[in-house]
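Quick note, the sequences are listed as chains A and B, same order.
Here my numbering is used: the first residue of the first sequence is 1, the next is one more, and so on.
Here my numbering is used: the first residue of the second sequence is 141, the next is one more, and so on.
Beta carbons are placed, not taken as given, at the ideal position from N, Cα and C, and that holds for glycine.
Source: prediction; values computed, not measured.
Quick notes on the structure that follows.
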Amino acid sequence: MRKIYVTAALLSLIGLADALYLTVEHLTGATVQCTILSGCSEVLSSRWAVVAGFPLAGIGAAAYFTVFSLATLAAFGYRAAGTLLTPLLSAMFIVSLWLIYLQAFVIRQFCQYCLFSAAITSALLLLVVIGRFVLKPASV
Amino acid sequence: MKRILPFIIILAVLGLALGSAWYLTRSVPSTPTAVGQPAPQSPETQASPVQQAPINPGIPGAEPAHSHGAANAVVHLEEFGDFECPPCGLFHPVLKQMEEEFGGQVRVTFREFPLVAVHQHAMAAASAAEAAGLQGKFWEMHDLLYDRQNNWKTQFDVRPVFEGYAKEIGLDVERYKRDVNSDLVAQRIFNDGRRGHSLGVKGTPTVFMNGREVPFELLLPAEKLRATIQNEIQAAKR
Numbered sequence: 001m002r003k004i005y006v007t008a009a010l011l012s013l014i015g016l017a018d019a020l021y022l023t024v025e026h027l028t029g030a031t032v033q034c035t036i037l038s039g040c041s042e043v044l045s046s047r048w049a050v051v052a053g054f055p056l057a058g059i060g061a062a063a064y065f066t067v068f069s070l071a072t073l074a075a076f077g078y079r080a081a082g083t084l085l086t087p088l089l090s091a092m093f094i095v096s097l098w099l100i101y102l103q104a105f106v107i108r109q110f111c112q113y114c115l116f117s118a119a120i121t122s123a124l125l126l127l128v129v130i131g132r133f134v135l136k137p138a139s140v
Numbered sequence: 141m142k143r144i145l146p147f148i149i150i151l152a153v154l155g156l157a158l159g160s161a162w163y164l165t166r167s168v169p170s171t172p173t174a175v176g177q178p179a180p181q182s183p184e185t186q187a188s189p190v191q192q193a194p195i196n197p198g199i200p201g202a203e204p205a206h207s208h209g210a211a212n213a214v215v216h217l218e219e220f221g222d223f224e225c226p227p228c229g230l231f232h233p234v235l236k237q238m239e240e241e242f243g244g245q246v247r248v249t250f251r252e253f254p255l256v257a258v259h260q261h262a263m264a265a266a267s268a269a270e271a272a273g274l275q276g277k278f279w280e281m282h283d284l285l286y287d288r289q290n291n292w293k294t295q296f297d298v299r300p301v302f303e304g305y306a307k308e309i310g311l312d313v314e315r316y317k318r319d320v321n322s323d324l325v326a327q328r329i330f331n332d333g334r335r336g337h338s339l340g341v342k343g344t345p346t347v348f349m350n351g352r353e354v355p356f357e358l359l360l361p362a363e364k365l366r367a368t369i370q371n372e373i374q375a376a377k378r
C-alpha cells in the first residue's frame, strides 16, 4: 500500500508540473495568443479557462499539490490522508471528464497539456482505487 | 524525525513549485511603464523590450495596405490578425481605444493572417473583409467581423452571414459576392500572409510597432499597450 501512495505522490508531481506550466503560460499570455500549430491557445483563451477570476490551470495545480501532500502523508502512515485522496481524485476526475467534453464538443480544439493532465488524474484515481479497494489495507 | 519528514517534503515541494512559477513568470518581459507614471528618465539605460527588438523590414504585403491615421504619425502599428481568433477579438476594442486616445500620433495597418489550420472560417472572414475593401469599406467590415465574432464563428456556413454584413454596411452585394471569390482578394490575403511569414509571424494577433515586434503580453490589457505606445512616443522625442 505504501508503494501505491509513493507512486501516487510521484505521479501528482508530474501533474503539478504540467498544471504549473499551463498556469504560467496563462498568466504571461504566452499560449493565449492564437498560433498556427496549437489548439492550446483556443482552449486557454476560452471562457472556461478562468473560474471566478482564477486560471483553471492554477486551481488544477493547487489540486495536484493537495494530492501530493495527502499521498505523502499517507505513505508515512497518516491513514486519514489516504481516506481523503479518493473523494478528491474522484472530483478531479469528474472535472477532467467535463473539460474533455468541452474541448471535444464545444471548443472543438484539444490542448495536449490538458489531455495529459486528464490522463494523470485518471491514473491517480485508478491507482488509489486499486490500493484502497482491491489491495486490502491490512496487507500493508 | 519520521513524523515530521513528510511535512518537510511537502514544504520543500511547495517552495520548489512556487519558486519555479515565480522564475518562469519573471523571465517574460515586463510592462515598460505603469499607467500614469512618467516615462523613464534615463533612456539610454531603460529601452523597453520593444525598442530592443531588431527591425526586420520583411517583404511587402498587399498594396495598398489597409491603414488608419496620419501617414507621418510617430507610432505605426502593423497588426497581423485573424478575424476568428479570440485574442484578436479582445485586442480589437483595445486598439480602437488607443487610436482614439492618441489621435494623430498613431497609425494602424491591418494585415490578413488567417490561421486556416485552426480556424475553419478564418479564410472566409479575411476574404469578406478584402472584398469589402474593394468597395472602400474594409474597416467597416473589419469592425463588424470582430464585434460579432461570437455570432458567426460557430455557424456552419458563414457566407450568408457575411453577405448580410455586406448589405448592412451598404455594399453592392452582387459585386461583393463576385469579389469574395476573386483572384484579387486571394492574392491580397496571400501577399499579407507572405509578409507575415517573412517577419516571423507565427500567431495572431502579432503587432509590429515602427517595425519592431511588440511581445504579446504587452498588447493586453489596454494599460499595457498604452504604456508601450507612450514609451515609443517618448523615445521618438529624444
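For chain B, check one thing: does any of its Cβ atoms lie closer than 8 Å to the Cβ of residue i?
i                 : result
GLN109 of chain A : yes
THR141 of chain A : Outside the displayed range of chain A (1 to 140) lies residue 141 of chain A, so it cannot be described from this structure.
LEU10 of chain A  : no
VAL128 of chain A : no
CYS34 of chain A  : yes
LEU20 of chain A  : yes
THR121 of chain A : no
HIS26 of chain A  : no
Got a sec: is the Cβ-Cβ distance from residue i to anything in chain A below 8 Å?
i                 : result
ILE149 of chain B : yes
PRO172 of chain B : Annotation note: pLDDT 38 at PRO172 of chain B (below 50); position unreliable, coordinate value reported separately. No, PRO172 of chain B lies away from the interface with chain A (no Cβ there is under 8 Å from its Cβ).
THR368 of chain B : no
PRO227 of chain B : yes
THR249 of chain B : no
PRO194 of chain B : no
ASP332 of chain B : no
GLN181 of chain B : With a pLDDT of 40 at GLN181 of chain B, under the threshold of 50, the predicted position of this residue should be treated as unreliable, and no value is reported.
VAL153 of chain B : yes
LEU145 of chain B : yes
ASP222 of chain B : yes
GLY343 of chain B : yes
Just confirm the distance between the C-beta atoms of residue i and residue j, as a whole number of angstroms; I'd bet it's less than 8 Å.
i                 : j                 : result
GLU252 of chain B : ALA268 of chain B : At roughly 11 Å, the Cβ-Cβ gap does not stay under 8 Å, so GLU252 of chain B and ALA268 of chain B are not in contact.
VAL24 of chain A  : THR165 of chain B : 6 Å
CYS34 of chain A  : ASP222 of chain B : 6 Å
ILE329 of chain B : GLU270 of chain B : 6 Å
GLY201 of chain B : ARG335 of chain B : 4 Å
Comparing C-alpha positions only, which one of the options sits nearest to residue i?
i                 : options                                  : result
ALA91 of chain A  : A:TYR113, A:LEU73, A:LYS3 and A:ALA63    : A:ALA63
LEU124 of chain A : A:ALA81, A:PHE68 and A:ARG108            : A:PHE68
VAL153 of chain B : A:ALA119, A:VAL129, A:ALA61 and A:LEU127 : A:ALA61
ILE59 of chain A  : A:ALA119, A:ILE100, A:GLN109 and A:LEU22 : A:LEU22
CYS111 of chain A : A:GLY77, A:SER46 and A:LEU11             : A:SER46
LEU27 of chain A  : A:ARG108, A:LEU56, A:ILE14 and A:LEU13   : A:LEU56
From the DSSP output, in three-state form, read off residue i for me.
i                 : result
ASN371 of chain B : helix
SER207 of chain B : strand
PRO55 of chain A  : strand
VAL256 of chain B : coil
GLY60 of chain A  : helix
GLU224 of chain B : coil
PHE76 of chain A  : coil
HIS337 of chain B : helix
THR131 of chain B : Chain B is shown only over 141 to 378; residue 131 of chain B falls outside these bounds and no answer can be derived.
Between residue i and the ligand ZN, is the CB less than 7 Å from at least one heavy atom?
i                 : result
ILE373 of chain B : Here there are no bound small molecules, and the ligand ZN is not part of this structure.
- Query: Taking any Cβ of chain B, which residues in the region 48-75 of chain A have a Cβ under 8 Å from it, in chain order?
  - Reply: Listed in sequence order: ALA61, PHE65, PHE68, SER69, THR72, LEU73 and ALA75.
- Task: Please name the residues in the region 245-275 of chain B whose beta-carbon is closer than 7 Å to at least one beta-carbon of chain A, in chain order.
- Result: LEU255, ALA257 and VAL258
- Could you name the residues of the region 155-166 of chain B whose beta carbon sits closer than 8 Å to any beta carbon of chain A, in the order they occur along the chain? ALA157, SER160, ALA161, LEU164 and THR165
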